[in-house]
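229 is the number that the working numbering gives to position 148 of the sequence shown; each next residue is one higher, with no gaps. Have a look at the structure below, then the notes.
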Amino acid sequence: MSVRRLAPQELQPASFAFTPENEAWVDQQIAKYPPGRQASAVIPLLWKAQEQAGGWVSQAAIEVIAARLGMAKIRVLEIATFYTMFNLEPVGKYFIQLCGTTPCQLRGAEAIRDVVKKRIGPERHVTEDGKFSWLEVECLGACCNAPMVQINADFYEDLTPEIMERIIDDLAAGKEVKPGPQNGRFSSEPEGGAQTLTDPALYDGSVIGSWKQRLAEEKAKLEAAKAAAAEAAAAAPAKS
Ligand code: FES
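Encoded structure:
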């Protein structure tokens, strides 16, 4: 985790204002909370400001949001700097968040990092054409499909260096890239098919659920024994 500071002044826009469409959306968010609790809308508003600005939150946006919610600027700044989902400096059109935590590391994240470094440059650097930037982040919660990256809102999983190269090539060429596992898996099922619980008997009722049949047989035996005893009692001569 690196220190999170606002972008330098030369990168900061002079002002920020929500678009009319986003203003209407902001009104709706604020209206969700009771009077006096408008500050609860701070995260949605920061998120919308980031989206509108192409992926990052400027100082001007923080100040506008603080004024809008009746909050001290420092409170909004604290939130923007605490949550890593808010970028504090410009990012590329395709912002790659590369997971470098242990499961991804063990599955080859370093080789993926080498590719993005080679293709894009150092962390946080935005390419000349504005298309790419990248950042190493902590676990993104897709460890079953390690190694993986998040690009904008989508996950790209089960990566190899070759696949990462291809994804960057395709995005650069404006081609559509399919998110999700890149090795043919549908989600996070075992590679090459299931290795456990493969006995068909598990699914035909002969193993799971066989206790029902055993209980029914035991009950029938018990009832037969009771009936035989009753019959024997009826057939026995009555005592005088
Ligand atoms: S360690 Fe990479 S997604 Fe969890």
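Here a beta-carbon is modelled for each residue, glycine too, at the ideal position from N, C-alpha and C.
Check	Outcome
Touch test, the stretch 131 to 143 against the stretch 94 to 104, Cβ-Cβ under 8 Å, three pairs minimum	yes
Residue nearest to Pro89 in terms of C-alpha spacing, selected from Phe267, Ala141, Arg156, Arg118	Ala141
Span of the alpha helix (DSSP H) around Val258	Counting along the chain, Val258 falls outside any alpha helix (DSSP H), and DSSP gives it neither H nor E.
Closest residue to Thr208 among Val138, Leu87, Thr165, Gly173 (Cα-Cα distance)	Gly173
Environment of Ala309 [buried if 16+ CB atoms lie within 10 Å]	exposed
Inside the stretch 141 to 214 only - beta strand (DSSP E) runs reaching at least 3 residues	175 to 180
Classification of Trp215 by the beta-carbon crowding that lies within 10 angstroms, buried from 16 upward	buried
Residue of Val230, Cys224, Ala234, Pro116 minimising C-alpha distance to Lys187	Note on identity: in this sequence residue 187 is Leu, with Lys being the wrong assignment. Of the candidates Val230, Cys224, Ala234, Pro116, the one whose C-alpha sits nearest the C-alpha of Leu187 is Cys224.
Top-ranked residue by Cα proximity to Glu219, from Lys259, Thr182, Lys293, Ala275	Thr182
Beta carbon proximity, Ser268 to chain C, threshold 8 Å	Among the protein chains of the structure shown there is no chain C, as only one such chain exists.
Sufficient close CB pairs (3 or more, under 8 Å) joining the stretch 145 to 164 to the stretch 117 to 130	yes
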